[in-house]
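Visitor:
Residue numbers (the numbering used here): 47 to 240.
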């Protein structure tokens, strides 16, 4: 059975995530990745010019997984309170599961001086959140005097940074549920949830 281009791309990404999570970016070789992926080394270079070029693809893949999990949990609910609750829960869960890979993505973007790529990767997520906010305004569920574009970015960034700080710190004297409850209260107050 022939492996499609998408299958090879996915194999490379999945192998890279697994190996880089174990060894770190510096100690991972392209040979390690292709061996794990079960592909030829030349095939790697058809998709990525370098190991660092994997970082935006990994970040995009992780964001796609996160977004899919959020949509799966919402089960068609679109009210602002349900969206915020699921967004917080899934962001914390995902960050706990993939914390090493998330740190890798940040450091990889910094090494490559391509932090602007981060905004491009996040654009669909921000636009989705903008739509949630517009619907909430139209439903009179939140304050009408917000800039939806900036507020969407602020909410997503705030929730992600809070989860990342929680899971990357050694000071876990507070349960994650307490952090999640507080960030949820904060977002609701900031939006003026009715």
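Yeah, the Cβ is synthetic: ideal placement off N, Cα and C, and Gly gets one too.
1. Rounding to the nearest angstrom, what Cα-Cα distance links residue 229 and residue 196 in this structure?
2. So, at 7 Å on beta carbons, what are the nonlocal neighbours of residue 171 in its own chain, with the 5 sequence-adjacent residues on each side left out?
3. CB-CB under 7 Å to residue 181, same chain, minus the five flanking residues each way: which ones, in chain order?
4. Less than 8 Å between the C-beta atoms of residue 116 and residue 136, yes or no?
5. Quick one: Cα of residue 213 to Cα of residue 142, how far?
6. Measuring alpha carbon to alpha carbon, tell me which of 73, 69, 134 and 63 ends up nearest residue 209.
7. Determine whether the beta carbon atoms of residue 82 and residue 105 lie at a separation below 8 Å.
8. Could you pull out every residue in the same chain whose Cβ sits closer than 7 Å to the Cβ of residue 67, ignoring the five residues on either side in sequence?
9. State the Cα-Cα distance for the pair residue 73 and residue 240, rounded to the nearest angstrom.
10. Taking C-alpha atoms, which residue in 200, 179 and 226 lies nearest to residue 190?
11. Excluding five sequence neighbours on each side, which residues of the same chain lie with their C-beta closer than 8 Å to the C-beta of residue 177?
12. Leaving aside the five residues before and after residue 100 along the sequence, list all residues of the same chain whose C-beta is less than 7 Å from its C-beta, in chain order.
13. Should residue 138 and residue 199 be called a contact, given that it needs their Cβ atoms to be closer than 8 Å?
14. How many angstroms separate the CA atom of residue 194 from the CA atom of residue 140?
15. Would you list, in sequence order, the uninterrupted alpha helix (DSSP H) runs of no fewer than 4 residues that lie entirely inside the region 174-238?
16. Please state whether DSSP places residue 87 in a helix, a strand or coil.
Guide: Inspection of the coordinates gives the following:
1. 18 Å
2. Beyond the five residues adjoining it in sequence on each side, residue 171 comes within less than 7 Å, by CB distance, of 109, 113 and 202 in the same chain, given in chain order.
3. 124
4. Against a cut-off of 8 Å, the Cβ pair of residue 136 and residue 116 comes out as a contact.
5. Computed Cα separation, rounded: 6 Å.
6. When only C-alpha atoms are compared, the closest one is 134.
7. No, the Cβ-Cβ distance between residue 82 and residue 105 is not below 8 Å.
8. 146 and 147
9. 51 Å
10. 179
11. none
12. 62 and 94
13. no
14. 25 Å
15. 194-214 and 222-237
16. Residue state, collapsed to three classes: helix.
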